[in-house]
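Enquirer: Provided herewith is a single structure, encoded as structure tokens, for subsequent inquiry.
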Amino acid sequence: MAASFADPASAERLERVAAALRAGGFAAEILDDAAAARARIKDLIPEGAGVLTGASETLRLSGIDEDINAGGRYDAIRPRVLAMDRATGADEIRRLVTGPEFVVNSVAAVTETGSLVLASGSGSQLPANAGGAAHAVWIVGAQKVVPDLSTALRRVEEHALPLENARAQAVYGMPSAVNRLLILNAEPRPGRGTVLLLREAIGY
């Protein structure tokens, strides 16, 4: 694993990323830490809204996953999906995860040129992030900042994948893989996508 991929970006680089994201149509905010993001989520997402969370260590470690899926404030989609029968409920599961009102997730990398990169094994969470959800919020640790897309793809393969692979082996007894990648270069729908950039490192 490349040690540099775990190091938080400087304040100057975070400002550069935020400016590039805004130029591409995203709303971008720089927050001190995960606790600030956790509080900001409550401002951004109205009570009772339907919310899908991505499978994300950032969300888990920050407490945002628990707030959304177990806090009772929102219509949490992931617990509903996990309780459904995969065979008989497949069509309903696809409908629920593809077009929620809100999706909350993290990314594998964000570039200084304003692109977000998400990686997935199954791809099930990508449609909502790509545009299926009416609104999207991404929480991004400062260590995920990279100069460009080529470095972002290196970060996915050399840093995020080994860590996720170890987690998947421990939890599911099987390896992970980067079977699908989503790159968001801009947000064409004003007000849809918000990126919360943290000054601290969190997640992969």
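First residue of the sequence shown: 51, per this note's numbering; consecutive thereafter. We put the beta carbon where it would ideally sit given N, CA and C, even for glycine.
#1: Would you say L234 and A192 are within 7 Å of each other, going by their C-beta atoms?
#2: Relative to the C-alpha of G121, which candidate in V131, A158 and V101 has its C-alpha closest?
#3: Helix, strand or coil: how does DSSP classify E79 here?
#4: Tell me, to the nearest whole angstrom, how far the beta carbon of A126 is from that of I118; I am working on the premise that it is less than 8 Å.
#5: Distance, Cα to Cα, R110 vs D83?
#6: Reducing DSSP to helix, strand and coil, say where V228 ends up.
#7: In the DSSP assignment, the alpha helix (DSSP H) including T108 goes from what residue to what residue?
#8: I'd like the list of long-range same chain contacts for A105, defined as Cβ closer than 7 Å, with 5 residues on each side in sequence excluded.
#9: Among residues of its own chain, excluding the 5 on either side of A169, which ones have a beta-carbon nearer than 7 Å to its beta-carbon?
#10: Between the Cα of A70 and the Cα atoms of L203, I91 and P197, which residue gives the shortest distance?
#11: In chain order, what residues of the same chain lie with their CB nearer than 6 Å to the CB of A56, ignoring the 5 residues before and after it?
#12: Which residue wins for smallest C-alpha separation from R63, given the options T201, P240, V245 and V195?
#13: Report the CB separation of I267 from V167 in whole angstroms; it is logged as a contact under 8 Å.
#14: Would V187 and F76 be called neighbours here (beta carbons separated by less than 7 Å)?
#15: Look at P150 and A178 and say whether their C-beta atoms are less than 7 Å apart.
#16: Output yes or no for whether 7 Å exceeds the beta carbon distance between T108 and I252.
#17: Would you report the Cα separation of P238 and V190, rounded to the nearest angstrom?
#18: Determine the direct distance from the alpha carbon of F152 to that of A184, and round the result to whole angstroms.
#19: Just tell me which of L213, Q219 and R136 has its CA closest to the CA of Y255.
#20: Residues in its own chain within less than 8 Å of I143 by CB, not counting five upstream and five downstream?
#21: What is the DSSP secondary structure of V196, reduced to helix, strand or coil?
Expert: Put simply:
#1: no
#2: When only C-alpha atoms are compared, the closest one is V101.
#3: If DSSP states are grouped into helix, strand and coil, E79 belongs with the strands.
#4: 6 Å
#5: Going from the Cα of R110 to the Cα of D83 covers about 14 Å.
#6: coil
#7: E107 to S112
#8: Excluding sequence neighbours, A105 sits near Q175.
#9: A158, V206, A210, V228 and L231
#10: The candidate whose alpha carbon is nearest that of A70 is P197.
#11: Listed in chain order, the non-local C-beta contacts of A56 below 6 Å within the same chain comprise Q193, local neighbours out to five positions each way being set aside.
#12: V195
#13: Residue 267 cannot be examined here, being either before or after the span of the chain that is shown, 51 to 254.
#14: In this structure, F76 does not lie closer than 7 Å to V187 by Cβ.
#15: yes
#16: yes
#17: 20 Å
#18: 6 Å
#19: With the chain running from 51 to 254 in the structure shown, residue 255 is simply not present.
#20: V131, M134 and R136
#21: Note: V196 maps to strand in three-state DSSP.
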